[in-house]
Amino acid sequence: MKLTNKQIFWLLFAVCVLTLLPFMGLTEYNTKGEPREAIVAYSILDTGNWILPLNSGGDTPFKPMFFYWVVAAVSYILGGVTEFTSRVPSVLSLTAVVVTTFLFYARRRPRAEGIITALICMLCMEMHKTGSICRIDMLLTALTIGAFYMFYRWYEQGIKRIPFIAIILMALGTFAKGPVGFIIPCAVIGLFLLLKGKNFWSVCWKLLLCAIIAFIPFAVWLYFACKMPGGQELYDMLYEENVGRMLHAMGYKSCVEPWWFTTITLVYGLVPFTVIALFSLFSLNHVKHLQCCTDQSVVKRFVSWFKHLDDVTMYSFIGSVLILVFYTIPESKRSSYILPMYSFVAYFIAKLMIWLAENNKKSLTYYTDFLSVCGLLMFVAYIVCKIKIIPETLFEGKHAADNIATLNAIGDISSWWEIILILIPTFVCGYWWVFRKSNQIGHKYIYFSMLIILSIYIAIEGSYKNAVMNLRSVKSDAVAVCALSTELGDVAGHMYEYVEIGEQSKGDKLRMYGMDFYSGDKVDNFKKSQPDSGLLLIGKEDFELRKVDFESQGYYFQGPVYTSLHKLENHQFLEVYLFHK
């Protein structure tokens, strides 16, 4: 039975939602990024301030407000900010990328290319990871990719009318991250139109008008936000992040990486699909390609190839290259910055996989063999951890305790539904060795490889991930410290945190975001507040460093009254002291 595009659309939608959403609340916050974003939405609902809420003892949000509004809205509907509600926007954003990518390519290229491109977007490592955490990047990616597609539709219609949907998407993207929300889409469609021979001045003034309109909501919010407490700090931070970053003039260092970092992150971000490129090398006629390179220059061959591209392929190629180059310029680089190019790159990987299916099924078979072995080894690793055949004495060094705890956590997985999830990739990968012997056409091999990858992700998200990552969570510490504060009552006063690196650094200050979120935003900043009494939450090394200085200010400390085995965001063990002046 042949499915229609509409049926495939809803099938992809269901696969995304059903394989991601049920697991979003299982893993507690275990990095600084997720609770840092979630606490802003918590502050919005707690204070009713939707313009510029302050949190963590007076910190402003690190980005414009749209993402926080979405998290707050979802959380309000579902009864409060939790790990689940804060990650729902990212899941829905990834789902939007998958289904719109399918529609974009399936309507303009062979439908198989659209399906496989959409599945690659869903299953490549960086997209899948970012689509399942409480961070702004996937929402921005969905809005940017949506603007790409709407701009291309505008091109197909002769660029005569104003592309309102593209402008709305860019406006929301700008309101989520800053001017990059309209710069990237306008740059991609602008370069494409110029290379297609459109009039330079006509393209420029139309795209400039689109950019100005998209910038207006962000500018209005910024105007009112700057008049509120913390407004100047917000303005300075946004200037550093958006202007200083591109001009290499930031007053502080943030994620500084070499120029080739973006290319490397693209390679591992597309795992496991980058592996197919390695297997495809076995299908190339190296003698023939070398002969072609000697007959004519590489540049001439590239120009000839580029001129003969169809519009969709040319647009995808321009988008991929332009985004990669754009994010190579600033010193500050993160793997998630280049996510908007993934749908374009996924299209070329899809074309490669289809070519292999039609011309060299052996390479595709070996690739799926590799995936199935990885899936089976996951189950072997679980059994090894379960029966504890690896002696703990094998581990040495400063990470020995963490490695032992990880192995024990995997071995302790015992609930029936988690075991079922672990067995899913085992059965799928085992069945592959039966399926591969049948005389199937190559396209079915592609879909089977996707099924293996999906089954592995289900086991990771539903079982392995929460068992391992929850070891790093400070949720239990926050509950214990809050209970201690309640027990001590007036003697304890309030909770305050001190993080040395956060106080000394500029810009992206490090706080105890996990402790603050899980305590209900009840942890204030010790240095800003200068309290007379309370509980001090501090890293062990930081306390040893600052104890004499604090005592010189008239503080007396009792304790530690609580010590944690979990490390904080600054990689120090938490200690809690009762203090007074």
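My numbering applies: residue 3 is where the sequence shown begins, and numbers increase by one. All C-beta atoms, glycine included, are put in the ideal place defined by N, C-alpha and C. Keep in mind it's a predicted model, so treat the numbers as computed, not measured.
The region 259 to 270 makes contact with the region 332 to 348; the number of CB pairs closer than 8 Å reaches 3 or more. In this structure the region 122 to 134 lies against the region 448 to 462, because at least three pairs of beta carbons, one per stretch, are closer than 8 Å. The C-beta distance from Ser465 to Glu420 rounds to 4 Å, short enough to meet the 8 Å contact threshold. Counted as a single uninterrupted DSSP element, the beta strand (DSSP E) harbouring Gln560 occupies residues Tyr558 to Lys569.
In this structure, the CA atom of Val481 is about 10 Å from the CA atom of Ser487.
Counted as a single uninterrupted DSSP element, the beta strand (DSSP E) harbouring His496 occupies residues His496 to Tyr500. Three or more beta-carbon pairs separated by less than 8 Å link the region 135 to 147 to the region 170 to 181, which places the two stretches in contact.
Here Leu378 is actually not in contact with Ile392; their C-beta atoms are around 19 Å apart, not less than 8 Å.
Ranking Ile167, Leu13 and Asn201 by CA distance to the CA of Pro187 puts Ile167 first. Annotated three-state conformation of Tyr579 is strand, per DSSP. Taking every protein chain shown into account, the CB of Gly116 has 16 or more other CB atoms within 10 angstroms, so this residue is buried. Residue state for Asp312 is assigned as coil, using DSSP reduced to three classes. In the three-state reduction of the DSSP assignment, Ile169 falls in the helix class, which pools H, G and I. Here Ile540 is bridged, per DSSP, to Tyr500 and Glu577. Take Val476, set aside five residues on each side of it, and the residues of its chain with a beta-carbon closer than 6 Å to its own are Gly516, Met517 and His568, in chain order.
Nearest neighbour of Lys467 by Cα position, chosen from Leu236, Lys583, Val301 and Tyr384, turns out to be Tyr384.
The Cβ atoms of Phe346 and Ser306 do not sit closer than 8 Å to each other. Between the C-alpha atoms of Glu39 and Tyr70 there is a straight-line separation of about 7 Å. Per DSSP, Asn527 is one residue of the beta strand (DSSP E) stretching across Val525 to Asn527.
Inclusion of Ile118 and Ile460 in the CB contact set at 8 Å is not warranted, their separation being larger than that value. Separation of Lys524 and Cys228 (C-alpha to C-alpha, rounded to the nearest whole angstrom) is 25 Å. DSSP links Ser334 through a beta bridge to Val258.
Contact annotation: the region 65 to 85 touches the region 31 to 49, with at least three C-beta pairs closer than 8 Å.
Of the residues Arg438, Val578 and Trp418, the one whose Cα lies closest to the Cα of Ala485 is Val578. As computed with DSSP, Ser535 is found in a beta bridge with His582.
Asp551 sits in a helix when the DSSP states are folded into three classes. Here Phe308 is exposed, its C-beta having fewer than 16 other C-beta atoms within 10 Å. The three-state secondary structure of Asp414, taken from DSSP, is coil. As the crow flies, the alpha-carbon of Leu425 is around 14 Å from that of Val375.
A straight line joining the alpha-carbon of Ser95 with that of Gly133 spans about 7 Å. Annotated three-state conformation of Asn57 is strand, per DSSP.
Setting aside the 5 residues that flank it on each side, Leu324 is surrounded in the same chain by Ala189, Val190 and Leu193, each with a C-beta closer than 7 Å to its C-beta; the list follows chain order. In this structure, Val101 is the residue among Val101, Phe281 and Tyr558 with its C-alpha nearest to the C-alpha of Leu13.
Per the coordinates, the alpha-carbon of Val436 lies some 11 Å from the alpha-carbon of Phe429. Cβ contact annotation for Phe275 (same chain, cutoff 7 Å, sequence separation greater than five): Ile122, Cys126 and Ile351, in chain order. Ranked by Cα distance from Tyr369, the options Gly321, Arg303 and Val277 are led by Val277.
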